[in-house]
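In the working numbering, the protein residues as written are 198 to 706. Backbone N, C-alpha and C fix where the C-beta goes; we use that ideal spot for every residue, glycine too.
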Amino acid sequence: MPDVTSETKLQRIGSNNAPSSWGLGDGQAIPWEYAPAPESREIVTIKDRYGLFINGREVDAEDKGTFGTVNPATEEILSQVAKATPADADRAVRAARKAQRYSWGQLAGRERAKYLFRIARILQERSREFAVLESIDSGKPIKESRDVDVPLAAAHFWYYAGWADKLDYAFPGRVARPLGVAAQIIPWNFPLLMLAWKIAPALAAGNTVVLKPASTTPLTALLFAEVCREADLPPGTVNIITGPGSIGMHLVTHPGIDKVAFTGSTDVGKKIARGVAGTDKGLTLELGGKAANIVFEDAALDQAVEGIVNGIYFNQGEVCCAGSRLLAQESIVEPLIEKLKDRLSTIRVGDPLDKNTDVGAINSRAQLEKITELVESGKAEGADFYQPACDLPERGYFFRPTLFTNVAQSHRIAQEEIFGPVLSVLTFRTPDEAVEKANNTPYGLSAGIWTEKGSRILSMATKMKAGVVWANTFNKFDPTSPFGGYKESGYGREGGMHGLHAYVRLEDR
Ligand code: NDP
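Take a look at the structure:
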């Protein structure tokens, strides 16, 4: 605890007031502040221009078109990136088909495994470079890209490398054949990690891929192209084409594509489902969410507070499985909210490259506008609004951690995916009411349960319409564990053996 006896030791730092639980009195300043701890950018070389990665080579778009990618923390344009045309997408699909037929698709599982192990190792060796680049291009705090995104991306390659020569064990009694060429469209909230979720199982099963990253976060995918070259991956096995959503749709409807995997908004997911309807293409959709984090009166409240904070403020709340609805049992709602407000006052918002930053920059101006609009709707509809006092950088797309109490089920902030650092608090009296409220959303991706009773965890988990249910924790990810949704959160599973299943055709022996 800080030395609060000496007034002279207290420094007023901005408007960060001490949590009331410290007993310092109203308005008393926190007696210390973290010194800036910026991660160096030196390790990364961002080129002025990036091409498409087709057939193992970096090439310009056919019409030489480019678009800029922006650092959301500073609004500076980082680089110009090739804007693929439909003709470029066709080239990428042809390259992937050739590799599937004549090189990658012909390799034995143990040979594919060696490449995947090599990619995992290179990702680990270059992890700092990837983490810094991810934070610069996406706005996420370096401690998250360094400790979560990049290690988990490498872990996916390790994990699926292990399966590549064991498909007979994964699907006993059946012969697992690759589907062919996969079109993979990924979002901006976990750019490298979503790339790994998509590419690792596809390659392990013998498929080749054409991947389209989100337009606001193309840089780590393009750095991954270098990894593919370093690992000597046969040309055409992985192709990466940057460009607008329409290029994604061109891939989805392309006759040369056998499988589509998409992570992103529910609206685009529906368009993609329509795009593949009537074909025999495989499809996995990982879409939005509006997860309930349910706290019972017997829960360890301090731990629950950490789980709630991690659930909604991790990655600025730009997480499909974010615990954006807190359902608190009525008897503990007051102490819980008080603890939560105390904890919010210690969250540091700012430079994503500072190792002390908890909440970085919102990914884009458009996303910041969406969050702002939904927060305004919450105020207008009558929920109680709270934000801790904290200074935001002058430039860049930042948003304070936000808490709404007295939220009604009908409020937009209780129904719509905000995809920002905004928590809506609702209450319940009985477990049945908690289940009913938790399931009362078009989504069904994830949920959290906080209670000391194991029997209650099991009983609640079976009643939740959610693909993932965490108990006394939140946002835990592991490559061995399947992840995916119900209802408007999509279908199909990624991760684990289920993730492998989405990339094979099973035949009788
Ligand atoms: P999108 O769903 O538009 O973007 C996801 C990916 O799909 C991007 O690569 C995008 O390309 C591509 N895309 C866009 N339109 C099409 C299309 N018609 N056909 C094929 N691919 C397409 O998400 P947004 O960036 O617009 O975010 C909007 C909202 O979606 C967020 O506020 C959030 O609620 C939700 N979302 C959910 C995510 C999740 O993890 N489930 C991830 C991201 C967003 P491009 O970037 O070039 O437009």
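Helix, strand or coil at residue i according to DSSP, with G and I counted as helix
i, result
"A310", "helix"
"P283", "helix"
"E483", "strand"
"Y700", "coil"
"F601", "strand"
"K206", "Below a pLDDT of 50, predicted positions are generally treated as unreliable, and K206, at 33, falls in that range; no measurement from the model is reported."
"Y688", "strand"
"G513", "Here residue 513 turns out to be Gln, not Gly, going by the sequence shown. Residue state, collapsed to three classes: helix."
"A270", "coil"
"R374", "strand"
"L430", "coil"
"L589", "coil"
"T659", "helix"
"I654", "helix"
"K409", "strand"
"D675", "coil"
"P235", "strand"
"F680", "strand"
Delimiting residues of the beta strand (DSSP E) encompassing residue i
i, result
"F421", "Not the beta strand (DSSP E): F421 falls in the alpha helix (DSSP H), residues 416 to 427."
"R545", "No beta strand (DSSP E) holds R545; DSSP gives it neither H nor E."
"V666", "665 to 668"
"A458", "456 to 460"
"V622", "619 to 625"
Residue i CB to nearest heavy atom of ligand 1 below 7 angstroms
i, result
"N386", "yes"
"K567", "yes"
"V473", "no"
"P410", "yes"
"F421", "no"
"S574", "no"
"G547", "no"
"V465", "yes"
"K311", "no"
"S621", "no"
"T638", "no"
"M657", "no"
"K552", "no"
"T413", "yes"
"G485", "yes"
"T460", "yes"
"M446", "yes"
"F616", "yes"
Boundaries of the alpha helix (DSSP H) in which residue i is found, first to last residue
i, result
"K634", "628 to 636"
"E570", "562 to 577"
"I437", "That residue, I437, is in no alpha helix (DSSP H); its beta strand (DSSP E) goes 435 to 437."
"V473", "463 to 473"
"V347", "347 to 360"
Cut-off 8 angstroms between Cβ atoms - residues of its own chain near residue i, not counting five sequence neighbours on either side
i, result
"K244", "S276"
"T263", "R246, Q277, V278, A279, K280"
"R298", "none"
Beta-bridge partners of residue i, as assigned by DSSP
i, result
"V492", "A525, W647"
"V530", "BP columns for V530 are empty, so no partner."
"G265", "Q277"
"E255", "F250"
"D159", "Residue 159 cannot be examined here, being either before or after the span of the chain that is shown, 198 to 706."
"D705", "R371"
"A379", "V406, K456"
Other residues of its chain near residue i: CB distance less than 6 angstroms, five sequence neighbours each side excluded
i, result
"A489", "R522, L524, A635, A644"
"A397", "H353, F354, Y357"
"P415", "T266, V278, T439"
"A470", "none"
"L480", "V457, V473"
Beta-carbon proximity list for residue i, same chain, < 7 angstroms, skipping 5 on both sides
i, result
"D629", "none"
"L430", "Y312"
"G696", "P398, P679, R690"
"S203", "The predicted position of S203 is uncertain, since its pLDDT is 35 and thus under 50; no value can be drawn from it."
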